[in-house]
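Visitor:
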Amino acid sequence: MPFAARRKLFLVVMAVPVVAYVLVVGIWPLAQGIWYSLYDYNLIRPQRTKFACLDNYVEIITDPVSRQALINTAIFTLGAVFFELLLGFMLALALWRDDRFNRLALALILIPVTITPLVVGLIFKGLLAADYGMIGYFLAEWGLTDPRGLLADQHAALATLIFIDVWEWTPLVALILLAGLKALPSDILEAASVDGATGLQKLRIIVIPLMLPAVLLALILRTVDAFRVFDTVYVATGGGPGNATNTLMLHAVKQGLEFFNIGRASAIANLTLLIIAVIAAAFVMMIRHADKKANGK
Numbered sequence: 001m002p003f004a005a006r007r008k009l010f011l012v013v014m015a016v017p018v019v020a021y022v023l024v025v026g027i028w029p030l031a032q033g034i035w036y037s038l039y040d041y042n043l044i045r046p047q048r049t050k051f052a053c054l055d056n057y058v059e060i061i062t063d064p065v066s067r068q069a070l071i072n073t074a075i076f077t078l079g080a081v082f083f084e085l086l087l088g089f090m091l092a093l094a095l096w097r098d099d100r101f102n103r104l105a106l107a108l109i110l111i112p113v114t115i116t117p118l119v120v121g122l123i124f125k126g127l128l129a130a131d132y133g134m135i136g137y138f139l140a141e142w143g144l145t146d147p148r149g150l151l152a153d154q155h156a157a158l159a160t161l162i163f164i165d166v167w168e169w170t171p172l173v174a175l176i177l178l179a180g181l182k183a184l185p186s187d188i189l190e191a192a193s194v195d196g197a198t199g200l201q202k203l204r205i206i207v208i209p210l211m212l213p214a215v216l217l218a219l220i221l222r223t224v225d226a227f228r229v230f231d232t233v234y235v236a237t238g239g240g241p242g243n244a245t246n247t248l249m250l251h252a253v254k255q256g257l258e259f260f261n262i263g264r265a266s267a268i269a270n271l272t273l274l275i276i277a278v279i280a281a282a283f284v285m286m287i288r289h290a291d292k293k294a295n296g297k
């Protein structure tokens, strides 16, 4: 057998386990989820399963609970990502100088990222509890919050969850943006300083345009992750009070594991995946455009 044919056979054999893994772990569950979403399928009454076409998807829009979950997810994503980018950029600028203090500060602020979202939700649930929380008790006693606590306040619960997400993930955004800052060409910045450019002028004309790929990378990572938020919301509020903090992923889990409505749960999960795919594709195109613009192509 010629060398080229043996090499090709070797590459095919090496690729078979990877392809099989993707098919079993990725493609098959996705196809099964799409199939289930087209049926009125409930585990409590499997004998009454019938083809529903797109009814499960239509109900997501027409059902007030599902619509509220979609709105909550959008508000949570926009709020969390906006403040994480803003605060992360400010932190990255503050830590730009490479000295011992900034290296130590960077290591310390990354601690929240190392904690799993489930644990973060439990920590803040304990801190903000109105009856025993180290923070929530005093806020309730001083009349600054609802007597039941921030996470039990229908008007403040979602904003509190956004704050928790910002606390946990702003350091990661700062790290990504800091890497973008350190990759900037120093000769351009030095030339701007020699020409008498102020700090704000360098930031507006040089730093921000050249950092757009890093900014968009942080944006896509956090947007995709925030849109599928589940852990923190599940342990902190469970979607309550009422449906004030109910999100798409949490709603899908409730439909599947509490009400055993597999068809509806699959439709919600598929819709979430579709929205995330569209967002990711849009950001990838923006990253490519920004990268070409930054490199003068």
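Residue 297, in full-length UniProt numbering, is where the sequence shown stops; the numbers in between run on with no holes.
Ideal Cβ positions, reconstructed from N, Cα and C, are used throughout, including at glycine.
#1: I need the boundaries of the alpha helix (DSSP H) containing HIS251, first residue and last residue.
#2: List the endpoints of the continuous alpha helix (DSSP H) containing GLU258.
#3: My assumption, with CB atoms under 8 angstroms, is that PHE89 sits in contact with LEU11. Please give the rounded CB distance.
#4: Does any C-beta atom of chain B lie closer than 9 angstroms to the C-beta of LEU86?
#5: Would you list the residues sitting across from GLY238 in a DSSP beta bridge?
#6: Can you give me the C-alpha to C-alpha distance between PRO64 and ASN246, rounded to a whole angstrom?
#7: With distance defined between alpha-carbon atoms, name the residue in ALA80, MET249 and LEU43 nearest to LEU158.
#8: Taking contact to mean at least 3 C-beta pairs separated by less than 8 angstroms, is the region 247-259 in contact with the region 22-40?
#9: So for TYR132, helix, strand or coil by DSSP?
#10: For the alpha helix (DSSP H) that contains LEU87, what are its first and last residues?
#11: Under three-state DSSP, which class holds ASN243?
#12: Identify, in the order they occur along the chain, each residue of the same chain with its Cβ nearer than 8 angstroms to the Cβ of LEU219, setting aside the five sequence neighbours on each side.
#13: Name the residue from LEU217, PHE259 and GLN201 whose alpha carbon lies nearest to the alpha carbon of HIS289.
#14: Tell me which same chain residues have a C-beta within less than 6 angstroms of the C-beta of ASP40, skipping the five on either side of it?
#15: If we count Cβ pairs, one from each stretch, closer than 8 angstroms, do we get three or more for the region 134-151 versus the region 68-75?
#16: Which word fits MET134, buried or exposed, when buried means at least 16 other C-beta atoms lie within 10 angstroms of its C-beta?
#17: Could you have a look at GLY196 and say whether DSSP puts it in helix, strand or coil?
#18: Just to confirm, is the Cβ distance from LEU144 to LEU151 under 9 angstroms?
#19: Once DSSP output is grouped into helix, strand and coil, what is the label at PHE3?
#20: Along the chain, where does the alpha helix (DSSP H) containing ASN102 start, and where does it finish?
#21: How big is the Cα-Cα spacing for ALA20 and LEU70?
#22: Enumerate in chain order the residues of its own chain whose CB-to-CB distance from ASP153 is below 7 angstroms, with the five nearest sequence positions on each side excluded.
#23: Taking Cβ positions, are LEU175 and ALA94 nearer each other than 9 angstroms?
#24: For LEU127, collect the residues of the same chain with a Cβ closer than 6 angstroms to its Cβ; drop the 5 residues on either side in sequence, then sort them by chain order.
#25: Take every Cβ of the region 176-193, pair it with every Cβ of the region 201-212, and state whether three or more of those distances are shorter than 8 angstroms.
#26: On the CB-based measure, 16 or more other CB atoms within 10 Å of its CB, does ARG6 come out buried or exposed?
#27: So who's on the other strand from VAL42, going by DSSP bridges?
#28: Give the C-beta separation of VAL113 and ASP165 to the nearest angstrom, bearing in mind that I take them to be a contact with Cβ-Cβ under 8 angstroms.
#29: Going by DSSP, what residues sit across from PHE51 in a beta bridge?
#30: Considering just the uninterrupted stretch of the alpha helix (DSSP H) at VAL166, what are its terminal residues?
#31: For PHE260, I'd like the list of residues in its chain whose CB is within less than 6 angstroms of its CB, leaving aside the five on either flank, ordered along the chain.
Guide: In short, the structure shows the following:
#1: Walking along the sequence shown from the start, residue 251 turns up at place 251. Looking at the DSSP string, the run of the alpha helix (DSSP H) that includes HIS251 is 248-253.
#2: To locate residue 258, count along the sequence shown from 1; it is residue 258. From DSSP, GLU258 is part of no alpha helix (DSSP H); its letter is neither H nor E.
#3: As a working mapping, residue 89 is identified with position 89 in the sequence shown. As a working mapping, residue 11 is identified with position 11 in the sequence shown. Wrong, their Cβ atoms sit about 44 angstroms apart, outside the cutoff.
#4: In summary, chain B is missing from the structure at hand, where a single protein chain is found.
#5: Translated into positions along the sequence shown, residue 238 becomes position 238. The partner list for GLY238 (beta bridge, DSSP) is empty, contrary to what the question assumes.
#6: Taking the first residue of the sequence shown as position 1, residue 64 is located at position 64. Taking the first residue of the sequence shown as position 1, residue 246 is located at position 246. Those two C-alpha atoms are separated by around 12 angstroms.
#7: Taking the sequence shown and counting its residues from 1, the one referred to as residue 158 is at position 158. Selected option, being the one with the closest Cα: ALA80.
#8: no
#9: Translated into the one-based positions of the sequence shown, residue 132 becomes position 132. Correct three-state label for TYR132: coil.
#10: Start at 1 with the first residue of the sequence shown, and residue 87 comes out as number 87. Where LEU87 is concerned, the enclosing alpha helix (DSSP H) stretches over 64-94.
#11: Position 243 of the sequence shown, counting from 1, holds the residue named residue 243. Note: ASN243 maps to coil in three-state DSSP.
#12: On the sequence shown, residue 219 is found 219 positions in, with the first residue counted as 1. The answer, listed in chain order, is VAL81, LEU85 and PHE283.
#13: Against the sequence shown, residue 289 aligns to sequence position 289. Answer by Cα proximity: LEU217.
#14: As a working note, residue 40 is residue 40 in the sequence shown. LYS50, ALA52 and GLY263.
#15: no
#16: Numbered from its first residue, the sequence shown carries residue 134 at position 134. The residue is exposed, with fewer than 16 neighbouring Cβ atoms inside 10 Å.
#17: Position 196 of the sequence shown holds residue 196. Coil, per DSSP.
#18: For the purposes of this step, residue 144 is taken as the residue at position 144 of the sequence shown. For the purposes of this step, residue 151 is taken as the residue at position 151 of the sequence shown. Taking 9 angstroms as the Cβ cut-off, LEU144 and LEU151 do not qualify as a contacting pair.
#19: Residue mapping note: residue 3 aligns to position 3 of the sequence shown, counting from 1. The answer is helix: DSSP assigns PHE3 an H, G or I state.
#20: Residue 102 sits at position 102 when you count from the first residue of the sequence shown. Residues 100-109.
#21: Numbered from 1 along the sequence shown, position 20 holds the residue referred to as residue 20. Numbered from 1 along the sequence shown, position 70 holds the residue referred to as residue 70. If you take the alpha carbons of ALA20 and LEU70, they lie about 34 angstroms apart.
#22: In the sequence shown, the residue the question calls residue 153 occupies position 153. For ASP153, where only same-chain residues beyond five positions count, the Cβ hits under 7 angstroms are THR145 and ASP146.
#23: Within the sequence shown, numbered from 1, the residue matching residue 175 stands at position 175. Within the sequence shown, numbered from 1, the residue matching residue 94 stands at position 94. The answer is no: Cβ separation not under 9 angstroms.
#24: Translated into positions along the sequence shown, residue 127 becomes position 127. Within the same chain, LEU127 has close Cβ partners GLY133, MET134 and ILE135.
#25: yes
#26: The residue labelled residue 6 in the question sits at position 6 within the sequence shown. Its Cβ having fewer than 16 others within 10 Å, ARG6 is exposed.
#27: Here residue 42 refers to the residue found at position 42 of the sequence shown. In the sequence under discussion, the amino acid at residue 42 is Asn, which differs from the Val named in the question. According to DSSP, ASN42 bridges with ASN261.
#28: Indexing the sequence shown from 1 puts residue 113 at position 113. Indexing the sequence shown from 1 puts residue 165 at position 165. Wrong, their Cβ atoms sit about 12 angstroms apart, outside the cutoff.
#29: Taking the first residue of the sequence shown as position 1, residue 51 is located at position 51. The partner list for PHE51 (beta bridge, DSSP) reads TYR39.
#30: Within the sequence shown, the letter at position 166 stands for residue 166. 157-182 is the extent of the alpha helix (DSSP H) around VAL166.
#31: Locating residue 260 in the sequence shown gives position 260, counting from the first residue. Hits under 6 angstroms: ASN42, LEU43 and ILE44.
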